[in-house]
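A quick write-up on the structure given underneath.
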Amino acid sequence: MDLAFTDDELAFRADIRQWVADQLPADISRKVHAAQRLTRDDMQRWARILGSRGWLGWGWPKAFGGPGWNAVQKHLFEEECALAGAPRVVPFGPIMVAPVIMAFGSPEQQQRFLPGIASGEVWWSQGYSEPGAGSDLAGLKTRADRRGDKYIVNGQKTWTTLGQYGEWIFCLVRTSHEGKPQTGISFLLVDMKSPGISVRPIVLLDGEPEVNEVFFDNVEVPAENLVGEENKGWTYAKHLLSHERTNIADVNRAKRELERLKRVARAEGLWDDIRFRDQMALLEVDIVALEMMVLRVLSAEKSGKQSLDVAGLLKIRGSEIQQRYTELLMLAGGPLSVPFIHEAMEAGWQGDQALGGLWPGGAGHCAPLAANYFNYRKTTIYGGSNEVQRNIVAQTVLGS
Amino acid sequence: MDFDFSDDQLSLRDAVARWVEKAFGFERRHALARAGGASREVYGELAGLGLTGLAVPEAHGGLGFGPVEAMVVMEELGRGLVHAPYVQGALLAPALLAQGPQALQSAWLPRVADGSALVVLAHQERAARWRLNHVRTRARLGADGRAVIDGVKSVVPAADEADAYVVPARISGTDDDEAGIALFLVERQAAQVGAYPTQDGARAGEVRFDGAAATLIDASGHPALEAAVDIAIAAHAAEAVGLMDKLVAITVDYMNTRRQFGVPIASFQALRHRIADVKMQLELARSMSYFATLTLGRERAARRRAISQAKVQLGQSMRFVGQQCIQLHGGIGVTDEYLGSHYFKRLTMLELGFGDTLHHLGEVSARLQDTAGVFA
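Here the protein sequences come in this chain order: A and B.
According to the numbering used here, the first sequence is numbered sequentially starting from 2.
According to the numbering used here, the second sequence is numbered sequentially starting from 294.
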């Protein structure tokens with residue numbers, strides 16, 4: 002047993018740190034550290050920088066052009082990116098659909114789609130949830146009917162994150178009504194420029210259209226865009242969900258946000274407030290414990306000697322911690338968390354000059370806090386709600 | 294970074310688990326507790342396994358093992374709800390006596406290693422709560438490290454079974470000064486002991502030193518006292534993990550067999566979510582138990598912060614797992630005859646040892662830095 006990283010791992014980390022420091026545009030990291038909104042261009046710029054180094058698919062094996070890193074190296078890469086203030090990589094392409102195409106796609110599909118994902122050129126979206134199929138995803142109704150060498154897709158997807166930017170979308174669609182609901186589902190890749198697709202933004206409680214509804218009205222999809230076999234899509238989707246187990250805890254970002262919380266607390270005169278400080282201390286303990294749990298998983302993956310059944314726990318705890326830091330940040334802002342100033346979320350907003358100089362000096366960091374708190378209510382809902390995760394954990398613990 | 298146990302560590306774990314299975318059943322524990330909590334006989338059996346020499350250097354007849362081996366042993370002693378002052382006698386005594394002069398080490402460490410001497414830390418005082426710097430017991434130093442001690446130490450583990458105590462006593466300064474605290478060895482015959490059973494079926498006592506003859510271990514003893522307490526907290530974290538592992542296992546078993554409304558109670562979603570939350574607290578505790586053990590070698594400030602972080606997690610986990618496992622058992626959970634209630638009581642007493650959750654939250658809070666994390 003040893004808590005320390007090996008010399009090789011530390012050297013690896015140092016290389017990554019240097020590279021990120023050299024490559025990450027300062028205007029982007031400033032926004033991330035201030036929790037301001039990132040534009041499509043911000044996200045694409047960083048994705049392309051990673052792509053040009055072959056690291057946008059940092060979890061990919063060498064055979065598909067990835068770096069072939071082990072679990073610990075992937076973690077160190079993610080940590081260095083997060084702490085430096087890199088934007089979170091939009092996961093739908095490199096983290097979600099790419100592993101499915103690698104595992105189940107045809108060689109033609111791999112050659113056609115993977116390069117655009119690896120370079121960051123093509124924006125992918127996810128078409129899973131439907132109005133009637135949330136936690137019970139197998140109840141999805143969007144149908145794809147085979148007509149010759151095409152599928153005709155009809156139905157509706159929802160909660161499609163950043164779908165307004167999407168160029169391609171991977172969908173779970175119903176291709177059969179026989180047997181159990183899970184058995185009639187297929188995994189289809191759809192060009193979002195296809196006639197019959199329309200995207201309608203959904204404004205969330207923070208005032209931003211982060212997610213969308215995607216409608217399919219007799220959309221023609223070439224049959225060659227089916228991944229793997231018809232009616233096996235559920236299996237592929239589960240493969241996708243089993244990928245990137247530790248990343249979902251997002252502990253690296255939590256460490257960065259705890260640092261921001263401490264900065265805000267100092268600036269707002271809360272550092273010496275014992276009651277508030279104890280709450281920060283509790284969050285710090287939570288984050289260290291989560292990080293230890295993540296490290297245990299990484300170590301188990303690296304050595305292959307023990308299997309840890311904690312994936313559900315990582316999602317639950319990680320999301321609770323995300324909500325907690327946004328909550329404490331909002332509370333740290335106090336009364337200055339109340340104003341809803343849309344521009345304050347954007348880069349370039351001059352807090353000290355806003356409102357004709359009437360906005361309190363040095364309080365610019367307070368403006369986005371409530372919106373972030375509202376936005377992060379999503380974390381215990383998406384990716385399998387925490388209640389569904391508890392069902393999964395209980396199943397494992399009870400064996401019944 | 295590696296959280297696998299070595300083959301030798303796994304063998305050690307098996308050896309302790311086999312002894313627990315063969316020699317330390319619930320009946321025996323219950324009988325010992327009912328008889329007042331005496332534990333020297335059990336301690337002697339652990340000595341027979343060589344376990345009392347675990348942390349004693351080989352030069353003094355011990356095994357010279359480190360914190361990970363101690364953690365392995367403690368997890369198994371916890372799982373078996375073993376009733377013995379192992380942390381005190383086998384882990385703290387060697388660390389504290391190692392601060393003393395060679396002659397003292399040669400006189401005591403071989404006997405500590407083979408279990409023929411039980412040496413316990415007698416540091417708690419009324420009104421100090423968990424502050425290690427609050428020491429009112431006074432010592433007058435004479436020649437050759439001899440001293441005379443006056444004061445009372447409270448809730449001393451195995452007080453009337455120990456052969457000697459390691460006693461922090463003040464040789465200078467005021468009641469709360471860190472400087473001026475020295476560590477002494479005092480044999481039991483030199484003290485007056487008022488012993489009693491503890492809530493978790495063990496034994497402790499009030500120990501009065503009234504001009505008691507003492508031998509100096511360490512004239513500036515506060516750092517060594519802190520280090521010993523940190524060893525104890527890490528060891529108790531490991532014990533708690535073993536306790537919780539077992540308590541969760543028997544609770545799961547109960548949920549799958551107990552039927553109400555015509556079905557096993559494990560089928561009720563309210564209870565399923567509860568056991569998922571229990572599993573969460575258990576795994577967070579295990580993670581922080583590893584953290585505590587693996588940070589014992591850090592320099593003082595980093596070590597103290599890490600240990601307090603661990604104790605905050607352990608305190609929350611022990612309370613939640615203990616309370617909820619009793620709740621999940623229903624009525625049988627609150628009876629004396631049921632095994633689970635005794636695990637709960639031991640977990641509860643562990644929170645009160647070496648600083649409760651609020652105390653350590655205060656420590657973490659006071660040591661807050663700009664950055665945080667496992668490697669901060």
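Glycine residues also receive a C-beta, built at the ideal position from the N, C-alpha and C atoms.
Within 10 angstroms of its Cβ, does residue i collect 16 or more other Cβ (buried), or is it exposed?
i	result
N219/A	exposed
E314/B	exposed
R567/B	buried
I275/A	exposed
N71/A	exposed
T588/B	buried
S107/A	exposed
T40/A	exposed
P387/B	buried
Y489/B	exposed
E230/A	exposed
S580/B	buried
Which residues in the same chain as residue i place their Cβ atom closer than 7 angstroms to its Cβ, once the five residues preceding and following it in sequence are excluded?
i	result
M331/A	S338, L370, A371 and Y374
A340/B	D407 and G408
I524/B	L384, L385, A388 and L589
Looking at the C-beta of residue i, does it have a partner C-beta in chain A at a distance below 8 angstroms?
i	result
I568/B	yes
R565/B	yes
S580/B	yes
D297/B	yes
Q606/B	yes
E592/B	no
Q426/B	Looking at the sequence shown, residue 426/B is not Gln but Asn. With 8 angstroms as the cut-off, N426/B does not count as an interface residue toward chain A.
Taking only beta-carbon atoms, is residue i less than 8 angstroms away from chain B?
i	result
D3/A	yes
S300/A	yes
R254/A	no
I317/A	yes
V73/A	yes
Candidates the options: which alpha carbon is nearest residue i's?
i	options	result
E225/A	Q111/A, L39/A and L283/A	Q111/A
G487/B	A455/B, G666/B and Q381/B	A455/B
W20/A	R54/A, A35/A and R38/A	R54/A
R318/A	L283/A, Q74/A, A250/A and W70/A	A250/A
K379/A	P336/A, Q323/A, R175/A and G352/A	Q323/A
G128/A	M97/A, G149/A, E109/A and S107/A	M97/A
V200/A	V191/A, E209/A, F217/A and S187/A	F217/A
V228/A	R113/A, A27/A and T7/A	R113/A
W169/A	S320/A, W360/A, V191/A and F105/A	V191/A
Y383/A	R144/A, G135/A, A35/A and R31/A	G135/A
R278/A	V657/B, D570/B and D511/B	V657/B
E471/B	F502/B, E499/B and S513/B	S513/B
L138/A	E10/A, E260/A, E344/A and W235/A	W235/A
F93/A	R175/A, A64/A and L57/A	L57/A
A348/B	E334/B, V365/B, V335/B and E338/B	V365/B
So which residues of chain B does residue i contact, with C-beta pairs closer than 9 angstroms?
i	result
F6/A	M294 and F668
E260/A	D663, T664 and A665
K263/A	L661, Q662, D663, T664 and A665
Can you pull the chain B residues whose beta carbon is under 7 angstroms from the beta carbon of residue i, in chain order?
i	result
A282/A	L654, V657, S658 and L661
Residues of chain A with CB under 9 angstroms from residue i, in chain order?
i	result
Q602/B	A282, E285, V286, V289 and A290
T628/B	Here the premise fails: no neighbours, minimum Cβ distance about 23 angstroms.
T588/B	L4
Note down, in chain order, each residue of its chain lying with its Cβ closer than 8 angstroms to the Cβ of residue i, except the 5 sequence neighbours on either side.
i	result
D546/B	none
Q351/A	G365
D468/B	H427, V428 and R429
S399/B	H353
V295/A	H76, T247, A250, V252 and L315
P516/B	R593
Q165/A	V200, P202, P210 and N213
Report all residues from its chain with a CB closer than 6 angstroms to the CB of residue i; omit the five preceding and five following residues, and keep chain order.
i	result
Y631/B	I625
L205/A	E211
L25/A	A85 and A87
G393/B	I510
I want to verify the contact list: residues of chain A whose CB lies under 7 angstroms from the CB of residue i, in sequence order.
i	result
Q553/B	What Q553/B touches in chain A: nothing, since even the nearest Cβ is about 15 angstroms away.
M573/B	L314, I317 and R318
E576/B	M294, V311 and L314
At 8 angstroms on the CB atoms, spell out the chain A contacts of residue i, in chain order.
i	result
V361/B	M2
A559/B	L399 and S401
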